Structure formats: structure tokens, C-alpha cells
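Peer 1: Residue numbers (my numbering), protein chains in the order written: chain A, 1 to 463; chain B, 1 to 467.
This structure is in C-alpha cells; I'll ask about it shortly.
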């Protein structure tokens, strides 16, 4: 209910590793999936560890489906989804869920918009009824929109405008891409938010919020057949509608390194680098995505990984450094390297150090021992993640939205365990290539570098 | 005390602390710590405990809290001590945090790289736990034989035989000082530090948990060794454990990890009482950020406070209930002034803070502050309506299962109950105690405990000039 913006970049990356099912621990049934006549996809995964259920409705629409001038509308619509229908007035959704002892929220990303509630299993039908209602009956009043878009602008200030690192990341993506809409921030550009009208949200809602563009995921102490019957009862009556044609908007090939500098009030320089790489498309046939995932983990999967050991502890150039790969996505995939300098070290020094680590992998490869370590962590992490119903539901949703069946999880783990040191070296050699690289340096500015009007000495005391 | 930890967020990357995480830390971490556990309203309390907590003491005197759960082949374990930042001295502020951070940087003849490597080899996750009151170590491991035994062996050695290598200390000091300088120009940090200093003045709760640039720079290895010996003692340790082990195995594990911890001095460490604020004070600080950060509050309540339940349930109505609270309704839903606006009590050994907070565009700060003060005053004067109170109880009690639906959450409850020496039936009693709260109780408790003429107000980065 916080109408949260969540660019799920990292989870998706930790994910490939994470996701990998070794064996299903005893007591956990496997999932069941079903498609309603109107095209809505329903996935149910029983987990009887607590008398709880989490229900998520995922729409395959996110900021990548927006057009210029209305960036941020998918996220703004997510906020508006809590502003009521004819049957359920504004604010009532959260009141009803809260009164049922539940917690609700939502998240918007480049690829999807998802709504969820967690509550006692006996209240599951309540959630499904409310979700079905707002899938088709949303009020979207001009008054509510005018207030809520101000909240979204506050969110943008809080999330991005006052955070140097967020500004640098926004710049990184806007520089790395010229045509593909991943170049726009999920929350939208401020000027687009200022000029957004309720009609923009209505239009977006009408086009994309249809059952044939949605996935219902339920994880919890539930009977599969009961959930399918409830899904049929509440969502089954909603008519499907043809979806607009999705334009691929493919990014043209990059022809040379791209660089940008972001100046913002900060103390320490930061470096963000990203390479265009292939994403996971066919979990059985693909090989490179698994090697890229292993490469990211060798670089920064744990305290024992290379960037922590070499750049943070030994050379002391970085106060923190990480690598990541987001292979599970509807759009183009990227490999990231990022770091923050230690005091006294420049962004250029940190960039050189990150490049040295990349070069070492290209030249020397990785040790079998390093790879085994990373695989052991992936296997353990997989078990640990079963502790959270929420995580399991989100994992299913993220994969399905990207067009990858969650039922390939075992296969993905198997493929990951097959990765060899030579394959890791090979993807490094192939993709750590300056011609497909984009780099942003955060250039720290003093706070006083941004002059303002005379300082306020006081506020009116309101009592 | 969540806010004070944000200094360390600096270390993670932006996508790792995106919004969802923040909201969740609010709902699950802070919110959970404030509350505790309830039972379904509709369901009568079962005869046996809703969470069968087993409790005993080790030979060394440590208190153990254990729940056996065989669903998943994993174990969560923590050992915590009264060794949080409240036990720092002002001139050595940061000692407690650095002591905790350095435990894993070398122990029992193993260097930090070896420790990191061996933990990773068995897929174990080692965490430090650290806040104002508590400090310790936590571990999550698979329970397959090889993994469990290696992980527990490492955990015990790190806890019992840390070496605090001088070289690692020097490096971590540089990193921390950099992080502090970075944090200190952020409006949220400035507001939080100022708020705590004004609310707690000369009480150790005023100290920043990570320490200050000047004090961290002076920390020496002996400071850490001394702190460790005095505070990481077996007698004061609370062990929390849940997972796929038997009671007998749990007993052996608890003995093993606490055996050979430092012996306690005669007196257990005590925290001074928190003095109430003598008057209301307001501080306005200039900042160029696009949003003003507003914090209003005072010393709140303790763990085990006689007013815990009316304050906790009442705060749900006031500003703790996410989208259904009065503050959120007035600030966000009606006026669109902020993305996040909330209030919370953070109960500690002594009175932890009561805090109302929000961020808003800098030219709206005055309006937002007016609204939040009026909302608070009205709530204190009239209390919740009967309907609001009923809805709050329904949520807290009906939502009970969500508070113990995973090993991680149950572990958090065990650690809290253990550290604060609450009853093992605390969770059952919680429900009855929530149920018992009346409108008059809430009104009475708020009127006695939250004095609107004695609040600290901090505003960083507002445009408005003095009238």
C-alpha cells in the first residue's frame, strides 16, 4: 500500500543463483498452474508452514510500456489502484485488508506492476474479490489523481532527487540506452509527472489492466482446488480484451564506450559501469546467462568474493564494491560493476581498479574452488529462501512476467551447477568490452555548491 | 532505532534498498519490534502455547530460547549481549559498534579472508546484530551434517576468540569515517542526529550508534578488547535458536557457543534512567535538498512498560497503521504532502523514542508541521474513537499469524523476548493485553506520556522564514 516503486534489478540477478531449486524440501508441495477462459494465468503453491497466505496479482505492464511524455504513468496508476471503485470507496481497500489482519502493498518496475496482500488463510477470498473488483472497476477521479500525483512527486524527490546515487543510476540507464524505454526511470521524469493528467492513467488502465495480461500467484496454507475455484469465481467473469500491440523498441547496437558525469552533493566518488549482455530466454538451451550469473557471484557474491577481498580489504581503494547481473527481464539485460571510493581515492582510480579485476578474469580465469564456493552458496540460499512465502511468490511472478516458466527452476539450478571456469572466462572475454560499456562517475559536490535563498531562522511555532 | 542505522546503508547499492525494502523494514522490522504477537480474534486461545518456546540456562549462565522446527533443513541462531551503543562512553563513541563489526575480522588464529571463505564454502550467512541496546552475532546455516558443524564451529570461535586485528581496525576506521562524512551531509541523518541529541541530551541514547568522525578516528585495539571483555559475557548473553535440531542438540549448541565467553564482573551494566524533557524545543537547520525532513518526538516507552499496550495500540491509530492511520490520512491522503508520514514508539531497555516523521517539498514544511501537530494534539485530547480502537485491535490480533510465519520472524521474537527477559508466555499474554485496551486507557496513557508542550521538533531544509 505504499504504492511502492521497486526496480527489481538486483533480486532478479541474485535470483538466477537464488532461484535454483535443488530439491524440494519435505513437506512442500509443488505448484499447480491453470489458465482461466479469459486468459488469466493462475499459479498456486501450497506451503503449510503457517496458517497464512500471500496473494499477488501481477500485470505484465511497467515503465517499458510507457511512451514519451507520460513516463511514470504505470507507477502513478499503481498509486491510483488504492483510490477506490464504485463498490469500494477510496482508502477502503487498505482499511478492509487491515481489519482482516492483513498487510498489503504494491510494486512497480520496468517490466510489471504487482499488488499483494498477506493475511490469514481464511481471508484469501477477500483479497481475490477486491483484486478482481479493481482490475475492472477503478474509479480514477480527477480529484484523487490531482492529490496523488503530488504524493508521487514527493516520492520522486525522496527516492531520487535528493539521493546522489539514485541520480547517478538514473543517468547510467539514460546513457546506456537510446531507444529502448528502459532508459526512463520507473518513477518517471519530474516534468512528465508535473504534466500528467488523470486521462493518462485512465488510458493506461483501460489498455493494460485485463485478465489476459495478469498472473495471479498464491502461496500459503491453501488447497489448490479451493484457490482455483475462487479465482474462477472472482476473476473468471471478467471479459478479456485484445492487448495493444507491443512495440519491441529494440536498442540499436552500441558503437563505442559511453560516459557521463553526475555532480551532486556527496562526500565520496562513485563509479557505475554497465555492459550490454544477453538475458535468459530459453532456460534449457541458454548457457551464457548462467555463466554471467556465476561471474557476478565470483566478483561479489559474499564477503569472500573478489571485489570485497581485493578492492575493499587488500587494495583499500573501494569502501564498497559489487557486481550484478539481471538476466531475468522482458527487455535487454545488463551486467553491472559498481563501487564507492575510500576517502582520498578518486573515481578514476576506482574505475581502474574495477577494470583490473575484469582483466584478471579475462587473462587468468576463475578457480574451480571459487566456482564451487559460489555454487554452495546458491544451493544454501535456495533453501533459506523457502523460509519466506513472500519471496517464493515474488520469485514466481518475476520469472513468469519475463516469459520464463517458474517450473524450470530445477533445470536452472542444474544448468548453473554445470557452469565451468572456462565458460565464466569466456563470457568475461566476450562481454567485458569497452564498445558496449557505459560508465557514470558521481562527482561529489559540497553542499554549499548549491546556493539557496537566505537561510530560514525559524518556522512559525504552530501551537 | 532504524533511522540511525541508515548511516550504513551507504554500503549497499541503490537497487538493494529500493522502496519495497524500506517499506518492509518499516512494517516488518520496526513495526514488528514495536508490537509482538497476537492471536486470531476469531479463534479462542489454544490451551497450549501458540509458540512452544523452550527456555533454559547454560552452565555458563547464558539464557537460551529455543523453538524446534523441522520444516526446513536449516538453523537460525543468535547470541546477543547488552553491548549496544548505549554502553559507549561519549569520548569513545563508536567502540561498541566497531567491536561488533570486527568480531569476524579475525578469530582463533583465522584471518578475515579465511573466515569469509570457510563460511561461504558451506553457504552459511553470518550477521552482526547491533543497535542501541543489543549487540551480538547471528548465523543462518543448513543443518546437513558437514555444513552445520563447520558453520557452528566458526560461529563459536568468532564469538569466543575474536582477535581484533589492528590492521583491520585501521581499515574499518577509514571506511566508517568515510561513511559518516557521507551520511552527515544528508538531510535525514542531520535530522536524526539532531533529534536524538535533543531528546536524550546527556543520556547515552543520544550517542550515534556508529560513533562520530572524531571519536572513531581515535579508537584503539585496546578499546575494543576492553569493551569485549566487559560486555560480551556469558552471564549476560541471550541465545535465540530456531530450526531443524532436537532439544538435546540445541542444548549442546548453546553450551558450545557460550563456553569460554568472558566472565562477568561483579555488577551487570546498567543504563541510567531517561529524564523527561523539561520543555518543548524546536531546531531549524538549513539544507539545500528538495525536501524538508521533519521529526517531532520525545522519550517514549520501555520494554515491559506499564503503558506499553495502550501506547502501542493507540499509536496504530495515530500513525503506526500505515495507510489507515490518522497522520497518513491527514498528511498524505487528504493533502498529498508526503510520500511517507508515520509515528512510532521504539521501546528499549530505557525509554526509547516516540517519533513522528515525514518528508515534504521544502516550501510545504510549515503546512505539514502544522497538520501533524494538530493531528497529534487532537488525538491526545480526545483519544481514538471506539471504531478506530476496534479496527486497530482487529488488525493487530487478526494479523498475529503474520508475525510468526517464518523462522526468521520467530527468531526475531525469541531474540527480543530473551534479551529483554520477557516471559516465555509473552506472546500469549500479548493478545489478551491488546484485547483489554480501552479508549480511556489510550487517552490516559497518551495524556500522561506524550506532552505536546514538551516535544522536540527538528526541521531540516525548510524554506519558510520566521514569522
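Ideal placement from N, C-alpha and C gives every residue a C-beta, glycine not left out.
On a predicted model such as this, the values are computed, not experimentally measured, just so you know.
(1) What does a CB cutoff of less than 6 Å around residue 162 of chain B pick up in its chain, not counting 5 residues either side in sequence?
(2) Excluding sequence positions up to five away, which residues of its chain have a Cβ less than 7 Å from the Cβ of residue 433 of chain B?
(3) Verify the CB distance criterion: does residue 377 of chain A have a CB-CB separation below 9 Å to chain B?
(4) Leaving out five residues on either side along the sequence, give the residues of the same chain with a beta carbon under 7 Å from the beta carbon of residue 174 of chain A.
(5) Would you kindly check if the distance between the Cβ of residue 234 of chain A and the Cβ of residue 129 of chain A is under 9 Å?
(6) If residue 168 of chain A and residue 442 of chain A are in contact, beta carbons under 8 Å, what's the gap, nearest whole angstrom?
(7) State buried or exposed for residue 364 of chain B, treating a residue as buried only when at least 16 other CB atoms are found within 10 Å of its CB.
(8) Whose CA, out of A:150, A:344, A:320 and A:311, lies closest to the CA of residue 187 of chain A?
(9) Relative to the C-alpha of residue 34 of chain A, which candidate in A:225, A:196 and A:313 has its C-alpha closest?
(10) Name the chain A residues that come within less than 7 Å of residue 395 of chain B, Cβ to Cβ?
(11) Could you tell me whether the Cβ atoms of residue 405 of chain A and residue 289 of chain A are closer together than 9 Å?
(12) Contact between the region 55–66 of chain B and the region 212–225 of chain B: three or more CB pairs below 8 Å?
(13) Do the CB positions of residue 313 of chain B and residue 396 of chain B come within less than 9 Å of each other?
(14) Could you tell me whether the region 136–143 of chain A touches the region 76–83 of chain A, using the rule of 3 or more Cβ pairs below 8 Å?
(15) Can you give me the Cβ contacts of residue 189 of chain A inside the same chain, cut-off strictly under 6 Å, excluding the 5 residues immediately before and after it?
(16) Go to residue 359 of chain B, then tell me how far its beta strand (DSSP E) extends in each direction, as first and last residue.
(17) Could you check whether residue 323 of chain A and residue 337 of chain A sit closer than 9 Å to each other, using their CB atoms as the reference points?
(18) Could you compute how far the alpha carbon of residue 71 of chain B sits from the alpha carbon of residue 384 of chain A?
(19) For residue 382 of chain B and residue 200 of chain B, what's the separation of their Cα atoms in angstroms?
(20) What residues of chain B sit near residue 147 of chain A, judged by a beta carbon separation below 9 Å?
(21) Name the residue from B:295, B:401, B:291 and B:439 whose alpha carbon lies nearest to the alpha carbon of residue 161 of chain A.
(22) Would you mind giving the Cβ-Cβ distance between residue 127 of chain A and residue 76 of chain A, rounded to the nearest angstrom? I have them listed as a contact below 8 Å.
(23) Determine the chain B residues that contact residue 161 of chain A at a beta-carbon separation under 9 Å, and present them in chain order.
(24) Output the residue ranges of the alpha helix (DSSP H) runs that lie fully inside the region 277–327 of chain B and measure 4 residues or longer, sorted by chain position.
(25) Buried or exposed, going by whether 16 or more other CB atoms sit within 10 Å of the CB of residue 351 of chain A?
(26) Which residue wins for smallest C-alpha separation from residue 337 of chain B, given the options B:352, B:368 and B:348?
(27) Could you list which residues in chain A have their beta carbon closer than 8 Å to that of residue 321 of chain B, in chain order?
(28) Is it true that the CB of residue 54 of chain A sits closer than 9 Å to the CB of residue 347 of chain A?
(29) Could you tell me whether the region 80–97 of chain B touches the region 204–213 of chain B, using the rule of 3 or more Cβ pairs below 8 Å?
(30) Run through chain A and tell me which residues come within less than 7 Å of residue 175 of chain B, C-beta to C-beta.
(31) Would you tell me roughly how many angstroms separate the C-alpha atoms of residue 114 of chain A and residue 108 of chain A, rounded to the nearest one?
(32) For residue 359 of chain B and chain A, any beta-carbon pair shorter than 9 Å?
(33) For residue 155 of chain A and residue 339 of chain B, I'd like the C-alpha separation in whole angstroms.
(34) Out of B:185, B:80 and B:451, state which residue places its alpha-carbon closest to the alpha-carbon of residue 138 of chain B.
(35) Which residues in the same chain have their Cβ closer than 7 Å to the Cβ of residue 331 of chain B, if we skip the five residues on either side of it in sequence?
(36) List, in chain order, every chain A residue whose beta-carbon is nearer than 8 Å to that of residue 406 of chain B.
Peer 2: Answer, in terms of the structure:
(1) Excluding residues within five positions, the ones whose Cβ falls inside 6 Å are 103 and 107.
(2) Closer than 7 Å at the Cβ level, and outside the excluded window around residue 433 of chain B, lie 309.
(3) For residue 377 of chain A, at least one C-beta of chain B is nearer than 9 Å to its own C-beta.
(4) These residues qualify, in order along the chain: 183.
(5) The answer is yes: Cβ separation under 9 Å.
(6) Taking 8 Å as the upper bound for CB-CB distance, residue 168 of chain A and residue 442 of chain A are in contact here, some 4 Å apart.
(7) By the C-beta density criterion, residue 364 of chain B is buried, having at least 16 other C-beta atoms within 10 angstroms.
(8) It is A:150.
(9) Residue 34 of chain A has its Cα closest to that of A:225, out of A:225, A:196 and A:313.
(10) The contacting residues are 98, 99 and 101.
(11) Not in contact: residue 405 of chain A and residue 289 of chain A (Cβ atoms no closer than 9 Å).
(12) Flag = no, the region 55–66 of chain B and the region 212–225 of chain B do not touch.
(13) In this structure, residue 396 of chain B lies closer than 9 Å to residue 313 of chain B by Cβ.
(14) Counting Cβ pairs under 8 Å, three or more are found: they touch.
(15) Excluding residues within five positions, the ones whose Cβ falls inside 6 Å are 71.
(16) Counted as a single uninterrupted DSSP element, the beta strand (DSSP E) harbouring residue 359 of chain B occupies residues 353–361.
(17) Cβ distance < 9 Å, so residue 337 of chain A and residue 323 of chain A count as in contact.
(18) One alpha carbon belongs to residue 71 of chain B, the other to residue 384 of chain A, and they sit about 12 Å apart.
(19) Distance between residue 382 of chain B and residue 200 of chain B, taken at the CA atoms: about 28 Å.
(20) Residues of chain B passing the Cβ test: 332, 333, 334, 335 and 336.
(21) Comparing alpha-carbon positions, the option among B:295, B:401, B:291 and B:439 lying closest to residue 161 of chain A turns out to be B:291.
(22) So it is not a contact: roughly 23 Å between Cβ atoms.
(23) Annotation: Cβ neighbours of residue 161 of chain A in chain B (cutoff 9 Å, chain order): 289, 290 and 291.
(24) Unbroken alpha helix (DSSP H) stretches of 4 residues or longer found wholly inside the region 277–327 of chain B: 308–315, given in chain order.
(25) Of the residues assessed, residue 351 of chain A falls on the buried side of the cut-off, its CB having 16 or more other CB atoms within 10 angstroms.
(26) Comparing Cα positions, the closest option is B:368.
(27) The contacting residues are 98.
(28) For residue 347 of chain A and residue 54 of chain A, no; Cβs fall outside 9 Å.
(29) For the pair of segments examined, the region 80–97 of chain B was found to touch the region 204–213 of chain B: the number of CB pairs separated by less than 8 Å reaches three.
(30) Think of a sphere of 7 Å around the beta carbon of residue 175 of chain B: the chain A residues whose beta carbon falls inside it are 319 and 342, in chain order.
(31) About 6 Å.
(32) Yes, residue 359 of chain B lies at the interface with chain A (some Cβ there is under 9 Å from its Cβ).
(33) Straight-line spacing of the CA atoms in residue 155 of chain A and residue 339 of chain B works out to 5 Å.
(34) Closest option to residue 138 of chain B, Cα to Cα, is B:80.
(35) 337, 338, 341, 358, 368, 371 and 372.
(36) 49, 50, 387, 388 and 389, listed in chain order.
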